[in-house]
Each structure stands twice: as structure tokens, then as C-alpha cells.
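Protein chains: 2
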Amino acid sequence: MKKYNVAVIGVGAVGIEILRSLKARNFPLDNLRVFARSSREIKVDNDSYQVEAIEGSEFSGIDIALFAGTEGEKGASVLYAQKFIEQGAVVIDNGNDFRLQKGVPLVIPEVNRDKIKTHKGLIANPNCTTIQALVALGGIHKALGLKKFILTSFQATSGAGKKPAIGLWEETKQLVENNKTNDFDHLNKEIKGEPLGFSHQIAFNVIPQIGGFGDDNYTSEEWKVVKETHKIYGDDTINISATCVRVPVFTSHSEAIYFTVRKKATLARIEEILKASEGVVYFSDSFPLPLEVEAKDEVYVGRLRRDPFEENSFWLWCVADNLRKGAALNAVQIAEELIK
Amino acid sequence: MKKYNVAVIGVGAVGIEILRSLKARNFPLDNLRVFARSSREIKVDNDSYQVEAIEGSEFSGIDIALFAGTEGEKGASVLYAQKFIEQGAVVIDNGNDFRLQKGVPLVIPEVNRDKIKTHKGLIANPNCTTIQALVALGGIHKALGLKKFILTSFQATSGAGKKPAIGLWEETKQLVENNKTNDFDHLNKEIKGEPLGFSHQIAFNVIPQIGGFGDDNYTSEEWKVVKETHKIYGDDTINISATCVRVPVFTSHSEAIYFTVRKKATLARIEEILKASEGVVYFSDSFPLPLEVEAKDEVYVGRLRRDPFEENSFWLWCVADNLRKGAALNAVQIAEELIK
Numbered sequence: 015m016k017k018y019n020v021a022v023i024g025v026g027a028v029g030i031e032i033l034r035s036l037k038a039r040n041f042p043l044d045n046l047r048v049f050a051r052s053s054r055e056i057k058v059d060n061d062s063y064q065v066e067a068i069e070g071s072e073f074s075g076i077d078i079a080l081f082a083g084t085e086g087e088k089g090a091s092v093l094y095a096q097k098f099i100e101q102g103a104v105v106i107d108n109g110n111d112f113r114l115q116k117g118v119p120l121v122i123p124e125v126n127r128d129k130i131k132t133h134k135g136l137i138a139n140p141n142c143t144t145i146q147a148l149v150a151l152g153g154i155h156k157a158l159g160l161k162k163f164i165l166t167s168f169q170a171t172s173g174a175g176k177k178p179a180i181g182l183w184e185e186t187k188q189l190v191e192n193n194k195t196n197d198f199d200h201l202n203k204e205i206k207g208e209p210l211g212f213s214h215q216i217a218f219n220v221i222p223q224i225g226g227f228g229d230d231n232y233t234s235e236e237w238k239v240v241k242e243t244h245k246i247y248g249d250d251t252i253n254i255s256a257t258c259v260r261v262p263v264f265t266s267h268s269e270a271i272y273f274t275v276r277k278k279a280t281l282a283r284i285e286e287i288l289k290a291s292e293g294v295v296y297f298s299d300s301f302p303l304p305l306e307v308e309a310k311d312e313v314y315v316g317r318l319r320r321d322p323f324e325e326n327s328f329w330l331w332c333v334a335d336n337l338r339k340g341a342a343l344n345a346v347q348i349a350e351e352l353i354k
Numbered sequence: 015m016k017k018y019n020v021a022v023i024g025v026g027a028v029g030i031e032i033l034r035s036l037k038a039r040n041f042p043l044d045n046l047r048v049f050a051r052s053s054r055e056i057k058v059d060n061d062s063y064q065v066e067a068i069e070g071s072e073f074s075g076i077d078i079a080l081f082a083g084t085e086g087e088k089g090a091s092v093l094y095a096q097k098f099i100e101q102g103a104v105v106i107d108n109g110n111d112f113r114l115q116k117g118v119p120l121v122i123p124e125v126n127r128d129k130i131k132t133h134k135g136l137i138a139n140p141n142c143t144t145i146q147a148l149v150a151l152g153g154i155h156k157a158l159g160l161k162k163f164i165l166t167s168f169q170a171t172s173g174a175g176k177k178p179a180i181g182l183w184e185e186t187k188q189l190v191e192n193n194k195t196n197d198f199d200h201l202n203k204e205i206k207g208e209p210l211g212f213s214h215q216i217a218f219n220v221i222p223q224i225g226g227f228g229d230d231n232y233t234s235e236e237w238k239v240v241k242e243t244h245k246i247y248g249d250d251t252i253n254i255s256a257t258c259v260r261v262p263v264f265t266s267h268s269e270a271i272y273f274t275v276r277k278k279a280t281l282a283r284i285e286e287i288l289k290a291s292e293g294v295v296y297f298s299d300s301f302p303l304p305l306e307v308e309a310k311d312e313v314y315v316g317r318l319r320r321d322p323f324e325e326n327s328f329w330l331w332c333v334a335d336n337l338r339k340g341a342a343l344n345a346v347q348i349a350e351e352l353i354k
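So the sequences go chain by chain: A and B. Going from the first sequence to the numbering used here is simple: count from 1 and add 14. Going from the second sequence to the numbering used here is simple: count from 1 and add 14.
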């Protein structure tokens, strides 16, 4: 079996999960190099990795370069992807910078693995919110054609990186330490000082903003869902809009999705499709929870039901680990397809 | 000015807020009696109330009886409302038991205060999730006619009563006390033992179930939104469906609502209507948060935007204190209308 020289760029929440996924899935590694801003040794579970400072490094002989590219480390692929490609590597970029660029395949293996072979050196990994929705809806779209979907997300703090996730923890600890009461009426629910993870306190709160606002009052995260879906499904006639909301959960995004299909479909037909959909674990009479889906690979779907008033319209609830299937795992799965 | 003999039945999360609202709004009280299962003295802020055991009590001379009727104390109005009515009181019931009964007005003063005078002794207070949605959409429905809405809720734990809210607190404390690390990778996010507030752990989790499931996989909470809206707006041709989700927030429900109006409407027109809507505080370029709306009386609306692909369809985000406007305050406002 051929073995590959792989580089991982970035060791934040997503980079660590890439290292974990490569190991867990026995990716055929010859040499593994890990890059970040500064050199250091890191420990992931029981393994040590020597991290090289990316600036000034040479990238020759690398077959596949996986850029973690979380929000907190934006720009790494803009600065370095081309250099890896010039040295012969195929770059798989989890960041946002190249996703919508013409000629760059944007790939979820379960949905459009055929696009991988069209790459010109760079393959983009979609946004976490998009990935899980499109895995959940993928089989349905293929069989029945999606006409429309309306998505409301419940997004985990780790989606913004490790620091905001720790911010939720720090805020929570502060509130527990400053509240010696169990009297509901006298609980102080507001932290002292500035928020520690996001623009507003996230502990015991929800924030309906992920990314920046455009003139149309949609956020960048909400437009990612629309535009990435159009590209991945190869169909820009699907009417999509979203409300993306941060919730005080560490890992795993949840989404309530209302969707309408073009072909006539019964609930039983949708259920049958979901049961057979690649990458989906379907709950017929229960529902997945973010806490239970953390560290799982699949997209979990439940609460399927039909609109009581309109034909061919349905709801589902889907949950996936935003760091795994929403980011690291999807990138490693692309790498696996690449070497097939 | 005439003064009234008022009874409050139930001293859980909602009952306490009824006592607060009566005081804060200077309700013209002659005599105030407070009932619960057992007699005791309770303190609310700086006021003491003598609670009478409801069983075996006499209810003569009471003008208005406010039943708090939260989930935790279901049945009080079923057992006692008729006795109060027979003794001459008008009952305002926050519980679910009579809301959809023919001849019982179901009232949000800002929306359908004219129904109050049709009562035959009992007036029902809608569900918290319904109230804030219908205040937010009330002016829009009146001016443009709602054709459809799709609602996803982020509901606070106190909506289930004080015990579940304290359960969130206890679970959170346990996790803080058992985690001496700040290392995100090694945070233990799961409590030991049984969940303390809901069917599943709610701390750092979200649960897409409020109420029991029907055969159609909708919950009772989701159907309340549909059926109560049809009754309150007096229009059962509006296509409505909902996904109701519990989030680790103590107080104030948030809702992402996608809606379609019958008449042609621009975003500017919807904005103008929201600014003029009774009971609504409109955020034009920001958004309300549950933590900030707690202990406020109005329904806060923000994130208004149009569907980029479909005419006459829009999103809004609304937040209200589920114990106040969602329950106690609305009941007291009905009482105020009653004595006008």
C-alpha cells in the first residue's frame, strides 16, 4: 500500500481533530508534518507532535496539505496554499477563502465526491453548518429534488475556535463561583466585565449572530449556507435562507430544517431515503442531542415530520460534531478519496 | 377608584411573577389572597404573602382569580376554576386546559382585547411561545394578512417551572465542581447520574422536545403554537408549523420566525409596521438577547430581513420574558382590561 507525506497546517480546535482523524482512520502516512505560527511540541491524547513554524519552512515532497483554517487562524491558506501546490502538494482547505472560487471543487464526499478529480491543486471543505445540512438532505435532493429549505441553527461555541469555547467555560465558572445561592429568584445570571468568548455573554444566553452582517441584515454564516449549497448541489434554483444562532454548547451543531421537495413525496418515502442515506444515522422515534453526538463521525437525523398543511414539505432535526464531520473529518475523507 | 378582590392560585415561577406584576403595575387591589397546595408564608422581593391551602378554602367575594397553572401545577384550574366562577369571580387561567374550549376567549390584549367581554366566567392565557410570536406578528397580520409561518424556538428552562430551571443550575454547578481543568480537550461535559431538570441533561446541550409527542412526531408545544394562533387571530387558513427546542437559558424564550404575507409588502413596510406595533420594541440594526430581555415587559424584535429568493417572505427574531409577557404579565394585562 502506498504511503503519503501529509502536512497539517493549524493546531487549533480543527487542526487537533484532523490529527485525531488521520490516526483513528489509519490514514496511510509516510511522513506527517505539522505547521503553525510558532514551533512547539503539542500533545494530542497520548501522542506528541513536533510543530514547525510555517514561516520560512520548505514544503517539498508533501503529497497532501490539510489546512485547518478555522476563523481564529484565517489567512494561512491565502498565504501558503499556493506554495504547497507549487511544490506538488494537493491542498485541502477548511477555510472560507477559496470555497466559492471558480474551478475549486467544494466537496462533501457523500454528496459530490466526483468533483474531487476536477481539482487544480486545491479542494475546499465547506462550512460546518452547510456540511451537516447537505449530508442530511443529500439523498432527499438526489431522489426528489429540493425546491426550498429554511434552516435555523443552534451552533456550538467550538465552531468559532478553542478560545471562544473556553470563554463559555470561563463565563460559566465565574457565575457558579459568584453565586452561592440555589434560589432561582436571586441567581445572578450576568457575568462581571467583558464577555469572554463572543460579542456578548454566551453562558445561559443565545446570540443570533455568527459572522458579520451584510446590508441585507443576513450574516456571512447565513449566506455561506445558501451559496455553498448552490455550488455543492450544482443547483442555484433552490430557494434557501437561514438564521444562524450561537448557543451555549461546546461541540456539535444542531439544525432545524424545513424543506420542500419538487417531486410528490410521502413521509414514508422520505424516511426510507434517510435510512439509506450515506453518512446519516436516522432516529425514527427519538432525536439526537449535541452532547451525545460529540466525537461521532456521522450526521444524526431525527424528528422527521410533514407539514400538516402543505404537500411535499417536511421538517427534520440534524446534529453533527462541527469539528469532525463539520470540518476535520470531512477534510480527511476528501484526502481518502483523493488517494483511492 | 374602584378596588378589587383578587386571588392568585399557584406560587411557582409564574405565580411569583403574577404577584410582582400586580404590585409593579399598581393593580387596584382591595384584598389579595394567595392559594397553593399547602399554607405557608412566602417572601417575594421585600414583600411577604400568606399562602392559604386551596383545598377546603372558601372563595366568596373574589372578583378576579388568576391561576398560574404552570406545567408543574397542572390541574388547579380544572379542580377549582368552576368553584371560583360560581362564587362570582372571573377566572384568568394561564394553564393549557381551557385554551381551545369553545366559548372561552383566548386573549393577548395587544392582539384581541375585544374578545375579553365575550367571557362566560373564564378567560384563557395563551402559551408563552404563542404569545410572543403573535405580539411580534400581530401588526403584520392585521395589515397584510399572514399566509404562513415557520417557527423555531429557543426556550428557557423556567418555562417548565422553577424545578427544571434549578436543575440547569445544579447540573452546571456539578460540571464546574468536577472539572478542575481549563483544557478544552479534557473538559468533561456530561453530568454524573440522572438529569436534574429535563428528560436529558440540559447544561451545555439543547433538547428538541417540549411536551409529549403525538403520532405525527410533533410535540404538544408545537401544536399549541398552531392551534392557539388560529384561535387568537381568528383565522385557521394560516399555514403554521414549529420546532420547539429547550436551550440552557434560565429565562426568556427566543424565536426565529420565517413568515409569508398575503398582500405585497416591502421590507420597509414591514419595518414601519413593527415600529408601530403595540407591545413590540423593534431593533433596526441590532438584535435582542434572552439575557437582556429578562424582567422586561415587551416583546423584542430584531433581525428583520427578506427572503432573498421569494416575494413577501421575511424572517424576524423575537425575544420575550416567558414568565412575564409569556405568562404572568399577559394575565395581569387581561385583568386590567377586564376592569376598564
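Cβ coordinates follow ideal geometry from the N, Cα and C atoms, glycine included. Nothing here was measured: the structure is a model prediction, and the numbers come from that model.
- Using the Cα positions of A/Cys332 and A/Ile284, report the straight-line distance between them to the nearest angstrom. 14 Å
- Message: Does A/Gln101 come out as helix, strand or coil in the three-state DSSP assignment?
- Response: coil
- Query: For A/Val28, which residues of its own chain have a beta-carbon under 7 Å away from its beta-carbon, when the five flanking residues on both sides are left out?
  - Reply: Scanning its chain for C-beta atoms nearer than 7 Å, with the 5 sequence neighbours on each side dropped, one finds around A/Val28 the residues Ala82, Thr84, Asn108, Leu337, Ala341, Ala342, in chain order.
- Item | As assigned by DSSP and simplified to three states, the class of A/Ala279 | coil
- Task: Could you check the C-alpha separation between A/Asn326 and A/Leu318 for me, to the nearest Å?
- Result: 13 Å
- Message: Within a Cβ cutoff of 7 Å, which residues of the same chain sit near B/Tyr18, ignoring the five residues on either side of it in sequence?
- Response: Taken in chain order, the residues that qualify are Pro42, Leu43, Asp44, Asp77, Ile78, Ile353.
- Item | A/Tyr272 and A/Phe163 closer than 8 Å at C-beta | yes
- Is it right to say B/Lys339 is buried, meaning 16 or more other beta carbons lie within 10 angstroms of its own, or is it exposed? Buried: at least 16 other Cβ atoms inside 10 Å.
- Query: Hey, is B/Ala270's beta-carbon within less than 8 Å of any beta-carbon in chain A?
  - Reply: It does: the Cβ of B/Ala270 has a partner Cβ on chain A nearer than 8 Å.
- Since B/Phe218 and B/Pro262 are thought to touch, with beta carbons under 8 Å apart, how far apart are those beta carbons, to the nearest angstrom? 6 Å
- Just tell me which of A/Lys194, A/Thr195, A/Glu185, A/Val220 has its CA closest to the CA of A/Gly207. With distances taken between Cα atoms, A/Gly207 lies closest to A/Glu185.
- For B/Pro209, which residues in chain A fall below 7 Å Cβ to Cβ? Residues of chain A with a Cβ closer than 7 Å to the Cβ of B/Pro209 do not exist; the shortest Cβ-Cβ separation is about 10 Å.
- Message: Distance cutoff 8 Å, beta carbons only. Does A/Tyr232 sit that close to anything in chain B?
- Response: yes
- Message: Check this for me: beta carbons of B/His155 and B/Tyr296, under 8 Å apart or not?
- Response: no
- Item | Same chain, Cβ closer than 7 Å to A/Leu114, five either side skipped, listed in chain order | Lys241, Lys245
- Could you give the distance in angstroms between the alpha-carbon of A/Asn193 and the alpha-carbon of B/Gln169? 23 Å
- Given B/Leu165, which residues of its chain have a CB within under 7 Å of its CB, disregarding the five upstream and five downstream residues? Ala147, Val239, Ala256, Glu269, Ile271
- Task: Ignore the nearest five residues each way along the sequence and tell me which others in B/His7's own chain have a CB closer than 8 Å to its CB.
- Result: What is shown of chain B runs 15 to 354, which leaves residue 7 of chain B out entirely.
- Message: Please list, in chain order, the residues of the segment 54-76 of chain A that have any C-beta partner in chain B closer than 7 Å.
- Response: Residues: none.
- Task: Please classify B/Lys16: does DSSP put it in a helix, a strand, or coil?
- Result: coil
- Task: Could you work out which residue in A/Ser53, A/Val65, A/Ser52 is closest to A/Leu33 when comparing CA atoms only?
- Result: A/Val65
- Look at the Cβ atom of A/Ile348, then the Cβ atom of A/Ile99, and state whether they are nearer than 8 Å. no
- Could you list which residues in chain A have their beta carbon closer than 9 Å to that of B/Pro304, in chain order? Phe218, Asn219, Val220
- Reduced DSSP secondary structure (H/G/I, E/B, other) of B/Leu337: The answer is coil: DSSP assigns B/Leu337 none of H, G, I, E or B.
- Kindly list, in the order they appear in chain A, the residues whose Cβ is closer than 9 Å to that of B/Lys187. The answer, in chain order, is Val190, Asn193, Asn196.
- Query: Using DSSP with H/G/I as helix, E/B as strand and the rest coil, what is B/Leu160?
  - Reply: strand
- Message: Tell me the residue span of the alpha helix (DSSP H) that contains A/Ala27.
- Response: 27-38
- A/Val58, DSSP secondary structure in three states: In the three-state scheme derived from DSSP, where H, G and I count as helix and E and B as strand, A/Val58 is classed as strand.
- Message: Contact criterion: CB-CB distance below 8 Å. Does B/Val28 meet it with respect to chain A?
- Response: no
- Within the 8 Å Cβ cut-off, does A/Asn253 reach chain B? yes
- Task: Could you tell me whether the Cβ of B/Thr132 comes closer than 8 Å to any Cβ of chain A?
- Result: no
- N-terminal and C-terminal residue of the beta strand (DSSP E) that B/Asn126 is part of: Note, B/Asn126: premise wrong, no beta strand (DSSP E); alpha helix (DSSP H) at 123-126.
- Message: So, for B/Ser74: in the same chain, excluding its five sequence neighbours on each side, which residues have a beta-carbon less than 6 Å away from its beta-carbon?
- Response: Gln101
- Within-8 Å CB hit, A/Val259 to chain B: yes
- Query: Within this structure, are the beta carbons of A/Gly24 and A/Gly175 separated by less than 8 Å?
  - Reply: no
- According to DSSP, residues forming a beta bridge with B/Thr233: B/Phe227
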